[in-house]
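K.L.:
Numbering (the working numbering), first residue to last: 188 to 724.
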């Protein structure tokens with residue numbers, strides 16, 4: 188037990204801080220699509236120039252430089268378009284800095300692992316906490332060369348971070364690389380060019396409270412009419428007053444439309460983004476706004492009447508309902524999903540599984556406990572070596588997206604999410620709960636037992652049903668210390684004596700010979716293990 192790492196206490200996950208809804212722009216004319224593409228391409232060019240200027244400034248950027256960039260863009264667009272472009276550029280630069288730091292940390296972890304394994308003799312076995320040496324001399328030589336490559340990369344990345352230099356691709360690095368591998372991406376050059384242009388367009392505007400309908404640049408009325416403030420070079424394309432272009436399509440926002448309508452009626456800020464789906468030949472409008480973080484429920488209140496423990500796996504969610512004492516109730520549930528296919532398919536699969544889980548929790552009036560998983564430091568090939576299937580497995584688990592989506596969806600149903608430390612939940616769950624919960628009619632899996640362990644940790648109970656016996660005596664001669672007794676109960680570290688008589692009503696003298704034997708309930712009745720006779724009282 189001294190080698191175990193400390194277990195963090197459970198905590199209630201904070202609710203979402205923003206809302207985003209989307210609706211399709213139906214009924215667009217050919218002229219509407221032409222105007223949208225012209226405006227998006229023009230603003231996208233300005234956004235690329237502004238991003239180049241921001242990356243060139245590096246760490247020397249300040250408010251004066253920001254104002255200078257905005258003034259340079261205002262002449263070619265408008266003050267509000269310039270404000271949206273500069274803010275998006277700043278957010279992109281900050282995101283790249285965070286990604287750069289994560290990359291440096293990954294390189295440091297890989298270098299540390301390789302250096303440790305190179306220092307060990309060939310073929311030396313590793314332990315659970317540290318890997319062993321490499322198997323062959325050839326593998327040792329290849330890894331020594333890779334160590335030099337990683338050191339060079341780390342030195343270059345540290346130099347870039349010290350100077351404030353980042354590398355950003357507007358449109359995405361993956362799509363850019365597909366240009367050189369069109370056959371593997373199953374794209375033609377024309378199709379790739381359409382996607383590239385669509386991803387690099389800029390058609391998004393931040394809202395402003397107090398202005399009409401909460402946004403002066405992209406305005407959406409209560410009736411669903413969408414109009415755009417055209418940039419100065421494209422003002423001749425306007426079909427309405429004050430240099431605006433009104434689209435023929437109307438939006439209604441079926442999901443959360445009432446909340447959106449209340450905001451624009453009160454002239455509260457709403458941000459909009461227009462984008463084109465090239466594969467479906469459709470245009471969409473996304474509305475988003477911030478909401479105050481809901482006051483979370485105290486942990487003690489979230490534990491009332493029990494909880495549902497959920498174990499996250501590569502292809503399903505294993506859930507089990509527990510009462511307030513930590514005892515499993517009913518049968519375990521499994522909510523499966525398929526993570527093969529494209530990103531939209533995977534996202535839909537996760538969303539459908541979470542909907543079923545939340546509806547089940549809502550019927551029983553219970554909250555949900557999940558693991559606070561983070562595989563950021565577990566995906567390097569240096570850590571797992573030849574275990575390619577395991578690396579692919581953990582890389583495919585959408586733990587961050589699943590947790591964020593679960594929190595946002597649970598907030599709509601009034602369900603609280605409790606996060607627990609994931610340490611040893613699968614191991615201890617299988618050790619202490621899988622066999623006792625298995626019967627002839629129910630086969631309990633390791634994941635189901637892990638769900639019980641997660642729920643018990645969220646409720647504040649130990650995962651073990653009983654505490655370990657004294658270290659100086661691993662038999663039952665001294666008796667197990669039970670975890671069910673209160674801390675102040677007398678004799679809580681001893682076995683409960685069996686006293687026959689009227690107080691038992693149905694037990695006669697001589698019954699309960701195995702009362703002090705904690706393993707008697709698991710024996711089949713055959714003489715496979717020696718049974719110690721119990722001393723008479």
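Glycine included, C-beta positions come from ideal geometry on N, C-alpha and C. Here the structure is a predicted model, which means the values were calculated and not measured.
Just list the beta strand (DSSP E) runs in the region 375-460, keeping only unbroken ones of 3 residues or longer that don't cross its boundaries, in chain order.
P.N.:
Counting whole runs of 3 or more residues, the region 375-460 contains the beta strand (DSSP E) stretches 405-407, 412-416 and 431-437.
K.L.:
Please classify residue 557 as buried or exposed, where buried requires at least 16 neighbouring CB atoms within 10 angstroms.
P.N.:
By the neighbour-count rule (16 or more Cβ atoms within 10 Å), residue 557 is buried.
K.L.:
Rounded to whole angstroms, what is the Cα-Cα separation between residue 272 and residue 291?
P.N.:
29 Å
K.L.:
Are the region 431-450 and the region 370-384 touching, with three or more C-beta to C-beta distances below 8 Å?
P.N.:
no
K.L.:
Can you give the Cα-Cα distance for residue 317 and residue 454, rounded to whole angstroms?
P.N.:
59 Å
K.L.:
May I have the straight-line CA-CA distance separating residue 541 from residue 530, to the nearest angstrom?
P.N.:
If you take the alpha carbons of residue 541 and residue 530, they lie about 17 Å apart.
K.L.:
Taking only three categories from DSSP, how would you classify residue 263?
P.N.:
coil
K.L.:
Go ahead and pull the three-state DSSP assignment for residue 527.
P.N.:
DSSP, reduced to helix, strand and coil, places residue 527 outside both helices and strands of the structure shown, so it counts as coil.
K.L.:
In the DSSP assignment, find the beta strand (DSSP E) that holds residue 496 and state where it starts and stops.
P.N.:
494-499
K.L.:
Identify the continuous alpha helix (DSSP H) that holds residue 604 and give its terminal residues.
P.N.:
Looking at the DSSP string, residue 604 is not in any alpha helix (DSSP H); the run it does join, the beta strand (DSSP E), is 604-607.
K.L.:
Decide if residue 591 is buried, meaning its Cβ has at least 16 other Cβ atoms within 10 Å, or exposed.
P.N.:
exposed
K.L.:
Please tell me whether residue 388 and residue 227 are closer than 8 Å, where the distance is taken between their beta carbons.
P.N.:
yes
K.L.:
Closest by CA to residue 462, which one among 204, 209, 198 and 205?
P.N.:
The candidate whose alpha carbon is nearest that of residue 462 is 209.
K.L.:
Do residue 308 and residue 645 have their C-beta atoms closer together than 8 Å?
P.N.:
no
K.L.:
Skipping 5 residues on each side, what residues in its chain have a beta carbon closer than 8 Å to that of residue 207?
P.N.:
473, 474 and 475
K.L.:
Please report the straight-line C-alpha distance between residue 289 and residue 485, rounded to a whole angstrom.
P.N.:
Between residue 289 and residue 485, the alpha-carbon positions lie close to 33 Å from each other.
K.L.:
Compare the Cα-Cα distances from residue 235 to each of 193, 336 and 357 and report the closest residue.
P.N.:
357
K.L.:
If you draw a straight line from the alpha carbon of residue 400 to that of residue 487, how long is it in whole angstroms?
P.N.:
42 Å
K.L.:
Rounded to whole angstroms, what is the Cα-Cα separation between residue 284 and residue 353?
P.N.:
7 Å
K.L.:
Is residue 523 near residue 551, with beta carbons less than 8 Å apart?
P.N.:
no
K.L.:
Grouping DSSP H, G and I as helix and E and B as strand, with all else coil, what is residue 199?
P.N.:
In the structure shown, residue 199 sits in a strand (DSSP, three-state: E or B).
K.L.:
Start and end of the alpha helix (DSSP H) containing residue 554?
P.N.:
Not the alpha helix (DSSP H): residue 554 falls in the beta strand (DSSP E), residues 554-558.
K.L.:
For the beta strand (DSSP E) that contains residue 620, what are its first and last residues?
P.N.:
Residue 620 -> no beta strand (DSSP E), and no H or E assigned at all.
K.L.:
Have a look at the DSSP bridge pairing and note the partners of residue 328.
P.N.:
Answer is none; residue 328 lacks a bridge partner.
K.L.:
Determine which residues share a DSSP beta bridge with residue 208 and list them.
P.N.:
474
K.L.:
Would you tell me roughly how many angstroms separate the C-alpha atoms of residue 335 and residue 329, rounded to the nearest one?
P.N.:
Rounded to the nearest angstrom, the two C-alpha atoms are 10 Å apart.
K.L.:
So what does DSSP say about residue 317, is it helix, strand or coil?
P.N.:
coil
K.L.:
Can you check DSSP and say which residues form a bridge with residue 464?
P.N.:
469
K.L.:
From residue 279 to residue 359, what does the alpha carbon distance come to, in whole angstroms?
P.N.:
12 Å
K.L.:
Taking a contact to mean a Cβ-Cβ separation below 8 Å, would you say residue 418 touches residue 230 in this structure?
P.N.:
yes
K.L.:
Within the same chain, show all residues whose beta-carbon is closer than 6 Å to that of residue 390, passing over the 5 residues directly before and after it, in chain order.
P.N.:
227 and 461
K.L.:
Consult DSSP for residue 610 and reduce its assignment to one of helix, strand or coil.
P.N.:
Reduced to three states, the DSSP call for residue 610 is coil.
K.L.:
Express the C-alpha separation of residue 410 and residue 640 in angstroms, rounding to a whole number.
P.N.:
52 Å
K.L.:
Any idea what DSSP makes of residue 509, helix, strand or coil?
P.N.:
strand
K.L.:
Just reading off the alpha helix (DSSP H) that residue 639 is part of, what are its end residues?
P.N.:
633-646
K.L.:
Starting from the Cα of residue 642, find the closest Cα among 623, 605 and 349 and give me that residue.
P.N.:
Ranking the options by Cα distance to residue 642, first place goes to 605.
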